Amino acid sequence: MEKNIENLINEFFNNNNDIVTRGKYLILIANKISEQEFNIRNKYMKKFLNKIDLLSQSLIENASEELMDIYLEKEAENKYLSTVLNTDIYLTVGMFDYLNHMIFIGNNITENFIEQSNSNILTLEKMNEILNFLYENYKKFHDFCPFECSFINYVNKSYNSLSYYFGKFNPEDYGYNFFFFNVKNDISPIYVFLHEIGHYIHINITKGKLNINKKILEKIKKTGFSKLVSANNDIQKEVFADILAMGIMYDSPYEEYDPFVDITKEDKKEFKKLVNEILK
Ligand SMILES: [Zn+2]
């Protein structure tokens, strides 16, 4: 039985397995560890967490020294796994909830990740081009926290992209991670990237609080988005990311990738003004 858990853990960390197979192992590991008595449970939990830490460290050590760290292929999958299973989560929630979290992540991967060859994903060149555009046009961007970026070669049924951040907000070393999946074909990965940039701007201007200040809400109130004021925090956060993305795209080289064709030009002009003000 014990040998069995050891094997499962090794299979989960085995790079030769694809991420969906690793998701299946993750569920098996969590279930097996849960079944054990106290000492054995602790022993294997520790072993698993240790390997997660080692994986995170090895990724950092291999990362380039450039403006941002970019992860592709297997490294991107490992970055994803080590981020969503970060041992800080264990320290915060404890073993019982962490085991449930492992099952949740495992199910999420096995149910949502679809391998797809016709990739509709942002290229590195395009991403660098957009970033240069942002750095050139928006001064404040230079003060923002560093970020890491992973391109996962799967379609995710639930998300085109995700971002994760860890630790207390500190612009120098806040851990900010973007994950980009292959995008469903009716939408542009350029818009998906700028939506994530919207979240990134938001977290930087609020220093991690993710509230929308009253002055900004007053401005948005005058547009077609007047109901945003009374929406819940999650909806506010998502809509605000889109508002910022629309503001960046309007009257820019990326205007044609804006999927919000029903939003008026007048509103988009207001959003552009807002972005200019926030990022001046
Ligand atoms: Zn979002």
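In the numbering used here, the protein residues as written are 1 to 280.
We put the beta carbon where it would ideally sit given N, CA and C, even for glycine.
Owing to the predicted nature of the structure, the values given are computational and were not obtained by experimental measurement.
Which whole-angstrom value describes the C-beta separation of residue i and residue j, a residue pair presumed to lie in contact below a C-beta threshold of 8 Å?
i      : j      : result
Gly106 : Ile27  : 4 Å
Gln116 : Val84  : Rounded, the Cβ-Cβ distance is 21 Å, inconsistent with contact.
Arg41  : Leu81  : That belief does not hold up - the Cβ atoms of Arg41 and Leu81 are roughly 21 Å apart, past 8 Å.
Ile216 : Leu162 : Rounded, the Cβ-Cβ distance is 24 Å, inconsistent with contact.
Asn4   : Lys32  : 7 Å
Phe141 : Phe180 : Actually they do not touch by this definition, with Cβ atoms about 19 Å apart.
Ile212 : Phe240 : 6 Å
Leu228 : Ile220 : 5 Å
Asn120 : Asn185 : 6 Å
Lys157 : Asn112 : 4 Å
Counting C-beta neighbours from all protein chains within 10 Å, is the total for residue i 16 or more, i.e. buried, or is it exposed?
i      : result
Gln236 : buried
Phe96  : exposed
Lys268 : buried
Tyr98  : buried
Val183 : buried
Ile19  : buried
Val261 : exposed
Glu73  : exposed
Leu91  : exposed
Asp69  : buried
Asp242 : buried
Tyr159 : exposed
Ser58  : exposed
Ser226 : exposed
Ile114 : exposed
Ile60  : exposed
Glu125 : exposed
Tyr135 : exposed
Asn137 : exposed
Glu277 : exposed
Leu122 : buried
Asn232 : exposed
Glu77  : buried
So, is the C-beta of residue i closer than 7 Å to a C-beta in chain D?
i     : result
Ile52 : No chain D is part of this structure, which consists of one protein chain only.
Note down, in chain order, each residue of its chain lying with its Cβ closer than 7 Å to the Cβ of residue i, except the 5 sequence neighbours on either side.
i      : result
Lys272 : Gly247, Tyr250, Asp251
Phe166 : Asn86, Asp88, Gly175
Asn17  : Glu11
Within the same chain, show all residues whose beta-carbon is closer than 6 Å to that of residue i, passing over the 5 residues directly before and after it, in chain order.
i      : result
Tyr25  : Leu8, Glu11, Phe12
Phe133 : none
Ile190 : Tyr254, Tyr257
Pro146 : none
Asn39  : none
Ala245 : Leu194, His195, Gly198
Thr223 : Asp267, Glu270
Lys207 : Phe169
Val192 : Asn160, Ser161, Val183
Ser56  : Ser82
Ser188 : Tyr257
Please work out which residues of its chain come closer than 8 Å, Cβ to Cβ, to residue i, disregarding the five sequence neighbours upstream and downstream, and give them in chain order.
i      : result
Phe144 : Pro171, Tyr200, Ile201, Asn204
Glu148 : Ala63, Met68, Asp69, Ile70, Tyr71, Lys79, Gly175, Tyr176, Asn177, Phe178
Lys139 : Leu279, Lys280
Ser34  : Arg41, Leu99
Ala30  : Leu99, Asn100, Met102, Ile103, Gly106
At 3 residues or longer, and completely inside the stretch 68 to 94: list those beta strand (DSSP E) runs for me, N to C. 69 to 72
Within the structure, which residues are defined as neighbours of ligand 1 by a Cβ-heavy atom distance below 6 Å, reported in chain order? His195, His199, Glu238, Ala241
Going along the chain, which unbroken runs of the beta strand (DSSP E) with 3 or more residues stay wholly within the stretch 144 to 174? 147 to 156, 161 to 166
Considering only residues of the stretch 211 to 269, which uninterrupted alpha helix (DSSP H) runs meet the minimum length of 4 residues and lie entirely inside it, listed in chain order? 214 to 221, 233 to 249
Segments of 3+ residues assigned as beta strand (DSSP E) that fall wholly inside the stretch 105 to 144: 113 to 115
Hey, which unbroken runs of the alpha helix (DSSP H) at 4 residues or more fall wholly within the stretch 10 to 55? 19 to 35
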